[in-house]
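One rule links them: number in the working numbering = place in the sequence shown (from 1) + 21.
Where is the CB? At the ideal position from N, CA and C, for every residue including glycine.
This structure is a prediction, so every number in the text was calculated from the model and none was measured.
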Amino acid sequence: MAQYSATLDGVFVTLADPTRRAVVRRLGHGPASVGDLAREFPMTLPSFMKHVRMLESNGLIRTVKSGRVRTCVLNRERLALVDDWLAEQRRIWEERTDRLERFVTDPKANRQ
């Protein structure tokens with residue numbers, strides 16, 4: 022997982038912002054134009070575009086321009102990296118808590 026650390030860092034930094042998380046959540050329901058997405062937030066379009074660019078530069082979304090309309094699509098593969106990392110962390114902590122439980126409940130483990 023170490024080879025993914027720079028990529029994961031970028032994804033987590035991107036998802037740290039509530040506006041960007043809301044955009045990812047919305048795009049989970051399907052593609053949407055930048056204009057439609059921007060209407061949901063109390064900010065100017067240029068400010069909103071900074072969020073779109075950050076999401077795109079970290080691979081969480083793709084945008085496609087057709088005429089004057091830019092449509093955003095969620096990149097679920099990038100989110101799979103986060104899911105893989107979380108699964109690895111969950112496995113590590115479950116192993117640790119299992120060892121702790123055995124230590125606490127097994128009288129043989131407490132003898133030294």
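For the alpha helix (DSSP H) that contains residue i, what are its first and last residues?
| i | result |
| --- | --- |
| residue 28 | 26-36 |
| residue 60 | Where residue 60 is concerned, there is no enclosing alpha helix (DSSP H), given that its DSSP letter is neither H nor E. |
| residue 40 | 39-48 |
Go ahead and label residue i buried or exposed: buried means 16 or more other beta carbons lie within 10 angstroms of its beta carbon, across all protein chains shown.
| i | result |
| --- | --- |
| residue 72 | buried |
| residue 126 | exposed |
| residue 44 | buried |
| residue 107 | exposed |
| residue 46 | exposed |
Could you tell me which residues DSSP puts in a beta bridge with residue i?
| i | result |
| --- | --- |
| residue 87 | 90 |
| residue 53 | 93 |
| residue 82 | 95 |
- Message: Within 8 Å, do at least three Cβ pairs link the region 27-38 to the region 64-71?
- Response: no
- Task: Report yes or no: do three or more beta-carbon pairs, one from the region 93-103 and one from the region 49-66, lie closer than 8 Å?
- Result: yes
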